[in-house]
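Student: Sequential numbering from 11 applies to the sequence shown in my numbering.
For each residue, glycine too, the CB sits at the ideal point set by N, CA and C.
None of these values were measured; they are calculated from a predicted model.
Got a structure for you, questions after.
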Amino acid sequence: MRMAIACLVVLVTLPAGQGNASAQDVTGELRVLYALVTWGPTPFAPPDAERVAAETADYFHSSSGGRLSLNSSVVGPLRLPRGVFDSCDATALRNAAPASTFARYDRIVFVAPFLGTCNFAGEANPTEVLLNGRLFMSLAAHELGHTLGLGHASRWDCLGGTCTVDEYGGEFSVMGHGSGGLNVYEKGALGWLSGVLRPDGRATYALGPVEGPTTLPQALVVTTASSEFWIESRGRPTPSFTGGSEQPAGIAVVAGPAAEGEASPYPRANLLLPNPGGGGRFAYTTGESFVDREIFRVVVERHSAEEAALRFEWLDRVAPTRPRLVVRAPGRGRVHLTWDSSVERGSGVDTYSVLLDGRVVRTLTQQLPFSGWSASLHLSRGVHRIAVLATDRAGNRGRVATARVRVA
């Protein structure tokens with residue numbers, strides 16, 4: 011079953027005093043009203059809405075590790091004019107009902123009989139949801155996820171050298187085809203992860219299940235020159251809520267473009283990558299490897315419902331190019347350096363080192379928004395040798411750019 015779903019990206023605004031949510035964390039209590047509406051046909055029954063509301067609240071409480079609680083109520087059925095339903099818009103339904111009905115709530119989920127004129131199962135606006143003739147937990151959670159700022163969990167499908175995005179193809183997350191917990195990319199966006207590992211060299215890393223609860227980190231995030239990979243452990247099988255096959259437990263990988271300048275093969279974030287093992291299975295199991303060709307490898311050494319062990323290693327052996335260095339000495343012992351980024355298409359540049367007379371005096375990492383590479387030094391009188399070199403994430407040191415400067 012395919013669903014056409016309107017997606018607006020917003021972050022939840024919580025009432026004052028609800029937790030310590032930062033600009034990136036979605037925490038606290040969200041007050042949700044399920045409003046049963048109709049223009050005449052038999053509406054959904056309140057007990058059915060109460061059951062789905064309770065299941066959806068349990069889903070978000072579990073997926074957030076207790077960080078987000080849904081306080082849900084049910085009202086209705088409310089009878090609204092037939093014409094307002096033709097808009098296929100949840101906000102129009104809200105505007106057609108008495109405002110006092112919704113005053114106490116942060117999100118409104120309208121549950122309507124099937125509207126043949128509306129080409130979707132669910133639609134989400136920033137604070138309203140419309141469920142069109144369907145009422146079940148995964149659909150309600152999917153639409154409410156949109157109101158929290160989440161997009162679709164998609165899939166990167168490649169056949170015969172041609173790759174496309176399967177919009178709803180994420181087989182695990184409820185934001186795609188799955189009825190499982192949100193994936194680590196989505197939880198990271200909402201501030202719901204127990205921890206994130208970013209490997210800096212060859213080592214074995216322990217991951218807890220993305221479904222939780224766990225005291226272990228839940229994500230292994232690998233950034234390269236062009237892309238970013240979010241790797242998670244699925245501790246249990248994941249059914250599909252759109253009629254697809256159940257996905258076995260294992261290690262799943264979603265990818266997207268990195269924040270750096272190199273062009274990524276992935277057009278957008280949160281794309282589930284296929285397992286070359288085939289058979290419609292997307293997770294990797296013990297003994298299998300995920301490889302980003304000539305850049306890095308992750309081997310599944312062990313996987314269970316409680317813990318996975320992943321061995322990481324860089325495969326990148328190509329050093330960054332020499333940066334182009336420009337040195338200006340405006341006077342009074344001040345020297346200003348600027349340089350262009352090194353070319354590094356593998357693991358990506360990790361740091362630039364600035365050396366003065368053979369000694370490292372500055373180490374720089376890229377900050378966003380990126381405004382170019384520069385450094386200023388105060389030098390004593392005499393002739394000095396200044397150098398800049400790049401080191402990539404795999405530890406390869408690039409060729410040194412040098413300049414000599416005389417300070418009078």
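Return the chain-ordered list of same chain residues with a C-beta closer than 6 Å to the C-beta of ASN285, the five sequence neighbours on each side being excluded.
Tutor: ARG291, PHE292 and TYR294
Student: Report yes if the C-beta distance between ALA235 and SER357 is below 8 Å; otherwise report no.
Tutor: Inclusion of ALA235 and SER357 in the CB contact set at 8 Å is warranted, their separation being smaller than that value.
Student: Nearest-angstrom Cα distance between ILE241 and ALA229?
Tutor: 6 Å
Student: Which stretch, first to last residue, makes up the beta strand (DSSP E) that contains HIS346?
Tutor: Element bounds for HIS346: 344-349.
Student: Would you give the residue range spanned by the alpha helix (DSSP H) that ARG278 belongs to?
Tutor: Counting along the chain, ARG278 falls outside any alpha helix (DSSP H), and DSSP gives it neither H nor E.
Student: Quick check on the DSSP output: what are the complete beta strand (DSSP E) runs of length 3 or more inside the stretch 277-315, in order along the chain?
Tutor: 299-302 and 306-313
Student: Determine the burial state of ARG244: buried for a count of at least 16 other Cβ atoms within 10 Å of its Cβ, exposed for fewer.
Tutor: With 16 or more other Cβ atoms within 10 Å, it is buried.
Student: Within 8 Å, do at least three Cβ pairs link the stretch 154-162 to the stretch 90-103?
Tutor: Short answer: they don't touch.
Student: Going by beta-carbon coordinates alone, are ALA59 and TYR44 separated by less than 8 Å?
Tutor: yes
Student: Do the CB positions of GLU238 and ALA265 come within less than 8 Å of each other?
Tutor: yes
Student: At what residues does the alpha helix (DSSP H) containing GLY155 begin and finish?
Tutor: 147-157 is the extent of the alpha helix (DSSP H) around GLY155.
Student: Spell out a yes or no on whether the stretch 251-270 and the stretch 382-391 are touching, meaning 3 or more CB-CB pairs, one atom from each, closer than 8 Å.
Tutor: no
Student: Please look up how many angstroms separate the CB atoms of SER250 and GLY188, rounded, as I've assumed it's under 8 Å.
Tutor: 6 Å
Student: Grab the span of the beta strand (DSSP E) containing GLU181 for me, first residue to last.
Tutor: Where GLU181 is concerned, there is no enclosing beta strand (DSSP E), given that its DSSP letter is neither H nor E.
Student: Between which two residues does the alpha helix (DSSP H) containing LEU78 stretch?
Tutor: Element bounds for LEU78: not the alpha helix (DSSP H) but the beta strand (DSSP E), 78-89.
Student: Answer with buried or exposed for ARG117, where buried requires no fewer than 16 other C-beta atoms within 10 angstroms of its C-beta.
Tutor: buried
Student: How should GLN257 be labelled, buried or exposed, when 16 other C-beta atoms within 10 angstroms of its C-beta is the threshold for buried?
Tutor: buried
Student: Below 8 Å on the Cβ atoms is my guess for ALA134 versus PHE120; work out the distance and round it to an integer in Å.
Tutor: About 11 Å separates the Cβ atoms of ALA134 and PHE120, ruling out a contact at the 8 Å cut-off.
Student: Give the straight-line distance between the Cα atoms of ARG321 and GLY86, rounded to the nearest whole angstrom.
Tutor: 54 Å
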